[in-house]
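Under my numbering, think of the first position of the sequence shown as 1, with each following residue one higher.
Every residue, glycine too, gets a C-beta built ideally from N, C-alpha and C.
In this text the structure is predicted, and so the values were computed from the model without any measurement.
Scroll down for the structure; my scribbles are underneath it.
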Amino acid sequence: MNYRHSFHAGNFADLVKHALVLWLLDRRRATGPVTVIDTHAGAGVYDLSGDGVRSKEAEAGIARLMAANHRPPLIEALARAVSELNPHGGARLYPGSPLLIARRLGRDDRYMGFELNPPVLELLTAALEPFPQATARGGDGYDQARAEAAHASGALVLIDPPFERPDDYQRAADTAAAIVRADPRAMVAVWTPLKDLETFDGFLRRLDEAGAKRVLVAEARLRPLTNPMKMNGCAMVVLNAPAGAEDAARQICDWVAGTLGEAGAKAEVWTA
Ligand code: SAM
């Protein structure tokens, strides 16, 4: 396992994912207590003065977001979450999905984050320690998420693999579809990179074959998808998206593509 999210924390793709997760969580919490299941949780929080400086990804992402003059409401909500974590200013600490979510839980909500890499699991456990409603668990997130979601009516599930294994697309699609088949009230958001359209289309086809219908696809492309060796953009794919999700996703993807993108950048939000 070579993937280290600390090199990528706070990049444009985290901004798309985290701004939409915040909105989905608010919407889901408005209907009653929620169980959030994070299949690939990571470390929980990232010190951007470490690996992030070397990669410069946060500099091109969250640093530009925090410095922007005009932020639409859902981008502003993410800026606020980052500011809360940095009460003395700046954005040295960047919240991963676990901390972003745990800080917003009510008394009757629950969060469980799965992490396969033992040293990262240790960091996650420490980051979640102040939050009694949140737990860090070891092991494979795909399998455990299916089992947990089946017990938690209307769970919000985030599937955010590193895509370093060839079967990650397949397992992400099969897990997402199985969760909504078992509980039609569950809401599942899958993050994917956008390198080339063939791979992404294959992922959407797999979801369709597994029975997932009316899937919201939110793409932020930083540049045309001409070089498949590069992460040219990213997508959030949401099963059982709540009303208003299309507008929310458009607001986020438009801002990210328009502000952080290169020539030929574009946002596309549609239903597959
Ligand atoms: N969701 C996190 C966030 O938004 O802050 C980032 C997660 S990062 C993209 C992916 C993480 O999944 C890595 O920390 C990696 O060690 C972990 N991982 C890889 N395969 C896994 C699996 N099968 N089950 C659980 N965790 C896994």
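Run of the beta strand (DSSP E) containing Val157, from where it starts to where it stops | First-last of the beta strand (DSSP E) with Val157: 156-159.
Taking only runs of the beta strand (DSSP E) that begin and end inside the stretch 32-91, which ones reach a length of at least 3 residues, in chain order?
-> Complete beta strand (DSSP E) runs here, min 3: 35-38, 45-47.
Is the stretch 160-178 touching the stretch 195-215, taking contact as three or more C-beta pairs under 8 Å?
-> The stretch 160-178 and the stretch 195-215 touch, with no fewer than 3 CB-CB distances between them shorter than 8 Å.
Relative to the C-alpha of Met231, which residue among Pro193, Glu122, Arg71, Ala136 is closest?
-> Residue Pro193 is the option with its Cα nearest to Met231.
Flag this pair as yes or no: are the beta carbons of Leu85 and Leu74 separated by less than 7 Å?
-> In this structure, Leu74 does not lie closer than 7 Å to Leu85 by Cβ.
Answer yes or no: the CB of Asn117 versus the heavy atoms of the ligand SAM, is any distance below 6 Å?
-> Asn117 Cβ: within cutoff of the ligand SAM.
So does His5 have its beta carbon nearer than 6 Å to some heavy atom of the ligand SAM?
-> His5 Cβ: within cutoff of the ligand SAM.
Check each candidate in Ser55, Ala241, Gly50, Ser83 and name the one with the smallest Cα separation from Leu65.
-> A check of alpha carbon separations from Leu65 across Ser55, Ala241, Gly50, Ser83 identifies Ser83 as the nearest.
Report the rounded CA-to-CA distance for Arg221 versus Lys195, giving the unit in angstroms.
-> Cα to Cα, Arg221 sits roughly 9 Å from Lys195.
Counting only the same chain and skipping the five closest in sequence on each side, list residues whose C-beta sits under 6 Å from that of Arg29.
-> Excluding residues within five positions, none has a Cβ falling inside 6 Å.
Would the C-beta of Gly96 count as close to the ligand SAM, meaning under 6 Å from any of its heavy atoms?
-> Relative to the non-hydrogen atoms of the ligand SAM, the Cβ of Gly96 comes within a distance shorter than 6 Å of at least one.
Kindly indicate the opening and closing residues of the alpha helix (DSSP H) around Lys17.
-> Lys17 -> alpha helix (DSSP H) spans 12-29.
Report the option in Ala102, Ala68, Pro72 whose CA atom is closest to the CA atom of Ala90.
-> The question names Ala, yet the displayed sequence has Gly at residue 90. It is Ala68.
In whole angstroms, what is the alpha-carbon distance linking Pro166 and Glu209?
-> Taking C-alpha positions only, Pro166 is separated from Glu209 by approximately 19 Å.
Reducing DSSP to helix, strand and coil, say where Phe200 ends up.
-> Annotated three-state conformation of Phe200 is helix, per DSSP.
Quickly, what does DSSP pair Pro193 with across the bridge? List them, please.
-> Paired residue(s): Cys234.
Should His40 be listed as close to the ligand SAM, given that the test is whether its C-beta is under 6 Å from any heavy atom?
-> Remark: the C-beta of His40 is in contact range of the ligand SAM, defined as less than 6 Å to any heavy atom.
Thr125: first and last residue of the uninterrupted alpha helix (DSSP H) it sits in | Counting along the chain, the alpha helix (DSSP H) containing Thr125 begins and ends at 118-128.
Can you find at least 3 beta carbon pairs, one from the stretch 35-46 and one from the stretch 236-248, that sit closer than 8 Å?
-> The stretch 35-46 is not in contact with the stretch 236-248.
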